[in-house]
Each structure stands twice: as structure tokens, then as C-alpha cells.
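One point on numbering: in the working numbering, the residue at position 215 of the sequence shown is 223, and numbering is uninterrupted. For each residue, glycine too, the CB sits at the ideal point set by N, CA and C. These numbers come from a predicted model, not from an experiment.
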Amino acid sequence: MHLASFSAALAATLACTILPSTSGFAPVPVQRVVVRNANQFSPFQPLYGIMDEVNSDAFDLTSLLQNDDGDVSDSEMEKAYEMFLGQLVFSANDPRIDIMDNYDLCADPLWITWLERKISSTRDVEEKIALKDLSEMIIDVKKRFELSKAAEERAVLEADDAEQNRIAVAEEEMEKGRALSGTDILRKAAAVDNAGRDAFVEPEFVKKTFYEKELTPEIRMSYEDMCSKVLPPYKAGDTPVSIVFNFYDQFDAQFIKVLNERAMNGDADSQAVLDALASEQEKRVNVATENLRTVLSKGEPMRMEGAIVALAKEGKIDESFLLLLEANADQARAAGATGPADLMVKLRKRAESEKDKQSASKEIKLLRQLLREPDQTKREDLLADAFTPKEALIVSWS
Numbered sequence: 009m010h011l012a013s014f015s016a017a018l019a020a021t022l023a024c025t026i027l028p029s030t031s032g033f034a035p036v037p038v039q040r041v042v043v044r045n046a047n048q049f050s051p052f053q054p055l056y057g058i059m060d061e062v063n064s065d066a067f068d069l070t071s072l073l074q075n076d077d078g079d080v081s082d083s084e085m086e087k088a089y090e091m092f093l094g095q096l097v098f099s100a101n102d103p104r105i106d107i108m109d110n111y112d113l114c115a116d117p118l119w120i121t122w123l124e125r126k127i128s129s130t131r132d133v134e135e136k137i138a139l140k141d142l143s144e145m146i147i148d149v150k151k152r153f154e155l156s157k158a159a160e161e162r163a164v165l166e167a168d169d170a171e172q173n174r175i176a177v178a179e180e181e182m183e184k185g186r187a188l189s190g191t192d193i194l195r196k197a198a199a200v201d202n203a204g205r206d207a208f209v210e211p212e213f214v215k216k217t218f219y220e221k222e223l224t225p226e227i228r229m230s231y232e233d234m235c236s237k238v239l240p241p242y243k244a245g246d247t248p249v250s251i252v253f254n255f256y257d258q259f260d261a262q263f264i265k266v267l268n269e270r271a272m273n274g275d276a277d278s279q280a281v282l283d284a285l286a287s288e289q290e291k292r293v294n295v296a297t298e299n300l301r302t303v304l305s306k307g308e309p310m311r312m313e314g315a316i317v318a319l320a321k322e323g324k325i326d327e328s329f330l331l332l333l334e335a336n337a338d339q340a341r342a343a344g345a346t347g348p349a350d351l352m353v354k355l356r357k358r359a360e361s362e363k364d365k366q367s368a369s370k371e372i373k374l375l376r377q378l379l380r381e382p383d384q385t386k387r388e389d390l391l392a393d394a395f396t397p398k399e400a401l402i403v404s405w406s
């Protein structure tokens, strides 16, 4: 047998050799050889198990979820947004609690844009209303969070400024002290000793009233939405008079301060709204005055209360009527007429009670009662009574 023939036979034998136990999920450390010619050998590619193929890039589908710039694909983002929306809508918690727990996601501009697009595209009326309410809650929570954060930052800056001013004053006093001679120091010490403690007068800090306090940037920001509702541009047919009539209950004292500041800075639209507000207030006070005259004309206290009940059912018990009763009670008490003053107080309490009965919800009724009650103990009793489960009365028909 020639040497070349023997080498070829030996190579074929080695290629068919069965090795000891090898796993199908691990690489096989065997190399096969093939004869290219009588005098040259070349190795085969190594064998791999199935797990190596799975772990390779052959089954990597993440590239399908990304765009060319590496962002998550629109379809996957759409699914994520739908799941998050379902989490907010079907949660058993108060939506505002879930919004705060997931604030970073809810405040994401992309999420807010997607939610607005979904609201405009949906055709289901109930779904549109629910999603719009959720969107308004998110925007409201987001604005309150930003205002709170801005207020905290402003408080920190004011505290730092106050501390720097205190240090500057102290350093100035130290410099003045260094410049004094020994004789001057002794003279000042003697003057302080002779003055005594009785001559020391505590500085008086006059507390500013509500109208004297300056508006903070946070207060102005909190009324931006309200300003956009009552100030131009208006819809067709709307005027300052009609706007004030529709939003009258939302004109609180702080908002009027905001409008006054704008008017003082030359905003003619704000002044027009303030003029319309003054006119509407005058009309309502005149109506309340006529209603009060009708009540007092009944003569007897029981009939007066009955007239108040009738006014409440007609929806004529408003803030102007209650303020008018309170003002008359104060004037009667100041004049020494205790009886008429007590009657006015009694009528006012009955009017407030009847107005609460016409409230749309128990929560509003409880909130009004808490705001009116000055005694902390009675407020606690109101809360305890409101949150105590009531036992139903079971009547047997047997």
C-alpha cells in the first residue's frame, strides 16, 4: 500500500470515530478533517449546540421594536400607553392618588399629547367625557405640583437672602465696633446700663391684611386658567357681562386681587370684567334685599323661617342673601338691639341649613358646614358624625 493511500484511509477512520458522551446543548470540541489532496489537510468549521443558536443574534427580535434612531416602535409605545391608561381608568383608588404615584409618567409630554389625540379621535361620547376628565385631572395635578415646587424654591431663596442680610448687618456692626476706641466702648456700656431694661421697647410687627399682602408668582400662575376663561378673546356672542354672570361663583377675593393688579398695570380687558362684576354684585344685592324684605314682612319668626324654606326651594338663597343677613345682625348688635340681632342670626343659620339641603352632594354640604364652624371641637364632631356608619332601621311587615 502506498503511503498516500494509507494516509487517506487513516483520515477517513478518524472522521467517523464516535467520541464519549457529548451534550446537544454545548459545543462539541471535535474537528473533522477532509483530504484536499494527498499531502494537505484542512479543518472543518466547529459544531455548535442548539442553545448556542438560540443565544446568538438569530433570535434577537429587539431590532423589530425600534426605529432607525433606536427609539421604541410606535406600535409598542401605543400598547404601553393603552395599558397605562387602563390602569388609571379602572383603578379603585382616587385618580389623583394614582396620578401622583405615577407622576413622572403622567407628566410626560408625549403621554399627554397621546391622551389628547385619543380624546379627539374617539367617537364614544361617554369615553370622550371620561378621558377629558382624566386629562383635566392630570393637568391640574401637574400644575399644583409645579406651583408647590416653585413656592418651595422661592421660600428657600428668601431664607437665604434673609440669612445673608443678617450676616451683612452683623459684619457691619463688627466693623463699627472695631473702629471704636476704649473710651467710646465704656461710654456706650454706661449708657446701656443707665437705660435699664424698662427703657427697652420691643419692636412692633404689624401684620399685613389680606389686601396689603403682595401677590406671589405662584398665585398669579394658579389663576392663569381662570384668566383665560373670563378675559378675551371671547366666543361669538359672549361679553364681559355674560362671562361674569356664568362664572360669578368663581370670582373669589384672591382672583379679584389678580384682576385689580392687571387693571392697575393698564389692562383694559381686566377693568371691563371688574366693572361687569361690580354691576352684577349690585344686581344680586338688590334682589337679596327684596327677598329679605319679603321674609321680614311675615312678622312671626316661624313664618319667617317658612319663607326662607320657600326661597331655598326656588334657589334664591345665595351668598348675597346670607351676607345681607349677617350685616343686619352686626348692625343690630352694634346698636344694642340684642333681640333683632339674635333673630337675624337664627334666620341666617336656617338659610344656610336650607341651602345645604339643596347641595348636589353630601361632600359639598359637609365642606360648607366645616368652613362655617369656628369651633374646632364642633368641627371634629361634624367629621365624626359624617364618617360614622349609620345603622339602617329595619321595619318588619309581619
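- Taking all protein chains in view, the Cβ of R131 is surrounded by fewer than 16 other Cβ atoms within 10 Å, so the residue is classified as exposed.
- Measuring C-alpha to C-alpha distances from L333 to each of A315, Y219, A359, R311 identifies A359 as the nearest.
- With fewer than 16 other Cβ atoms inside 10 Å of its own Cβ, S156 counts as exposed.
- By the C-beta criterion, the segment 339–353 is judged not to be in contact with the segment 280–287, since fewer than 3 inter-stretch pairs fall below 8 angstroms.
- Between E160 and I120, the alpha-carbon positions lie close to 26 angstroms from each other.
- Sequence-distant Cβ neighbours of Y89 in its own chain, meaning closer than 7 angstroms and more than five residues away, are W119, W122.
- Less than 8 angstroms separates the beta-carbon of A296 from that of F329.
- For F253, the enclosing alpha helix (DSSP H) begins and ends at 248–254.
- Distances from the alpha-carbon of P225 to those of E154, A170, R104, D260 put E154 closest.
- Assignment of S367 by DSSP, reduced to helix, strand and coil, places it in the coil class.
- Pairing M145 with I107 gives a Cβ-Cβ distance under 8 angstroms.
- Distance from the Cα of C114 is smallest, within the candidate group R125, E134, V133, L93, for L93.
- In the DSSP assignment, S143 falls within the alpha helix (DSSP H) that extends over 133–187.
- The Cβ atoms of L375 and E381 do not sit closer than 8 angstroms to each other.
- Contact check for L142 against P103 passes: the beta carbons are separated by less than 8 angstroms.
- Separation of the CB atoms of F263 and M234 is rounded to 6 angstroms, and the pair is thereby assigned contact status at 8 angstroms.
- Residue state for S99 is assigned as coil, using DSSP reduced to three classes.
- Shown here, G347 sits in a helix according to DSSP, grouped into three states.
- Taken through DSSP and simplified to helix, strand or coil, N268 comes out as helix.
- A direct Cα-to-Cα measurement between M85 and M91 gives close to 10 angstroms.
- Take the alpha-carbon of D260 and the one of V266: they are about 10 angstroms apart.
- For M272, the number of other beta carbons within 10 angstroms of its own is below 16, and it is reported as exposed.
- Taking C-alpha positions only, K373 is separated from Q258 by approximately 18 angstroms.
- When secondary structure is reduced to three states using DSSP, E298 falls in the helix class.
- The residue from G314, N294, A343 with its alpha-carbon nearest to that of V303 is G314.
- One Cα belongs to A345, the other to N299, and the distance between them is close to 22 angstroms.
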